[in-house]
Structures are given as C-alpha cells and as structure tokens.
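Reviewing the structure listed below.
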Amino acid sequence: MSYQVTIKDARERMEKSLHHLQDVLRTIRTSRASGALVENIRVDYYGTPTPIGQMASISVPEPRQIMIKPFDGTALGDIAKAIQKSDLGIQPQNDGKVLRLTMPPLSGEQRKKYATKVKEMCEETRIALRNTRRDMNKHADGMLKGGDLTEDENKKLHDEIQKLLKEYEDKVGQVQDKKTAEIMEV
Numbered sequence: 024m025s026y027q028v029t030i031k032d033a034r035e036r037m038e039k040s041l042h043h044l045q046d047v048l049r050t051i052r053t054s055r056a057s058g059a060l061v062e063n064i065r066v067d068y069y070g071t072p073t074p075i076g077q078m079a080s081i082s083v084p085e086p087r088q089i090m091i092k093p094f095d096g097t098a099l100g101d102i103a104k105a106i107q108k109s110d111l112g113i114q115p116q117n118d119g120k121v122l123r124l125t126m127p128p129l130s131g132e133q134r135k136k137y138a139t140k141v142k143e144m145c146e147e148t149r150i151a152l153r154n155t156r157r158d159m160n161k162h163a164d165g166m167l168k169g170g171d172l173t174e175d176e177n178k179k180l181h182d183e184i185q186k187l188l189k190e191y192e193d194k195v196g197q198v199q200d201k202k203t204a205e206i207m208e209v
C-alpha cells in the first residue's frame, strides 16, 4: 500500500464509523416523531424476523405522530405486538388499516437518559476512530521497515493520519451536539 492509498483507506474507515454513528443515532427518540424509530423493529412475519420498514410504508403526518401502513393488512396485529414489545414505550392505535403511534413528550429525566446514551455512542465512535489511527500508524511503520517509506514520509504520514483523526473527532462532536439539542428540545 502506498502513502496516498493509506490516507485514503484511513479516511474511508473513519467515514464508515461516522456513518454508522449517524445511523444508530437515528433510532434514538427525540421530541419529534421519526420513521427511523420503528423501521428496524423486527416483526415475526411468517416465521421470519422482518424489519417493519420492509413490510410497511412509514410516514410522519404530524410532528408527534408516526403512521404505519402495512403492505399486507393481515400483518397489522403482528406489527402492533412488535412495537409494544420494543423499548419505545408507545401504545399503537390500530384502526384496522393503519397503526398510529403518538409520541408522548419526553420527561426531563428521559431527555437526560437519552442524552447520556448519545454521549456514550459518540465516545464509542471516537474509540473506533482512534483504533483506525493506531492501525494506520502500524501500517505506516511497517512500510518504513519494508523500505517503502523514508523517515520523513513516515513522520508526515503519521501527522496526516492525526489530522484526519482530529477532523473526524470534530465531526463526531458536531453530530453529538446536534442530536443532544434535538433531544433537549421541548
């Protein structure tokens, strides 16, 4: 692997960590309704655990309401049971054709709990980013020993990897601040 390929690989791995964090944070409840809260809840559909997002259309008709319309009307009851078993703490209203989930406002204690969860997830992502830096630095040292890099190029590569880490840690901080603000919003 060359100098440029190492930088590119480090950037791709850090980008994947950031995208994973953003995907996971979409499932954390805020004061607003979001289809992402329910789309990955698994329903036992003909013996197969199937995400709701694959068996129904999910919409948000109002800021505090999620509407789920299954493609197969017979699955309505199974979807309702799966939502009740989930940790959302919301009772779905079934009108025979669609399920409506009305999001109750979060209490101050719930907001703090969710904000703490976001902080923990962001810290896990920072650890993953640092692990990527460690792996890339080891790789750079291996290239130095193998004669593929000079001492100066190795030092420069370490510095660039460190700059990349700082850039992505800042991005994680921005994601954390944004999500925490959404959670604390009344």
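Numbered according to the working numbering, the sequence shown spans residues 24 to 209.
Even for Gly, the Cβ is constructed at its ideal location relative to N, Cα and C.
Assign S40 to one of three DSSP states: helix, strand, or coil. helix
Check this for me: beta carbons of Q107 and Q114, under 8 angstroms apart or not? yes
What's the call for P93, buried or exposed, on a 16-neighbour Cβ count within 10 Å? buried
At the level of alpha carbons, what is the spacing between I51 and Q77? 20 angstroms
With distances taken between CB atoms, is the gap from I65 to S57 smaller than 8 angstroms? Sequence inspection shows Arg at residue 65; the Ile mentioned does not correspond to that position. Cβ atoms of R65 and S57: not closer than 8 angstroms.
List the endpoints of the continuous alpha helix (DSSP H) containing V141. G131 to K168
According to DSSP, is K120 helix, strand or coil? coil
For Y191, report the span of its alpha helix (DSSP H) as first-last. E174 to M207
Just how far apart, CA to CA, sit E190 and D200? 16 angstroms
For the putative contact between Y26 and L180, defined by C-beta atoms under 8 angstroms, what is the C-beta separation to the nearest angstrom? 6 angstroms
Quick one: Cα of K161 to Cα of Q133, how far? 42 angstroms
Neighbour-count burial assignment, V195, 16 or more Cβ in a 10 Å radius: buried
Distance check for K142 and S80, CA to CA, integer angstroms please. 31 angstroms
Going by DSSP in three states, Y69 sits in which element: helix, strand or coil? coil
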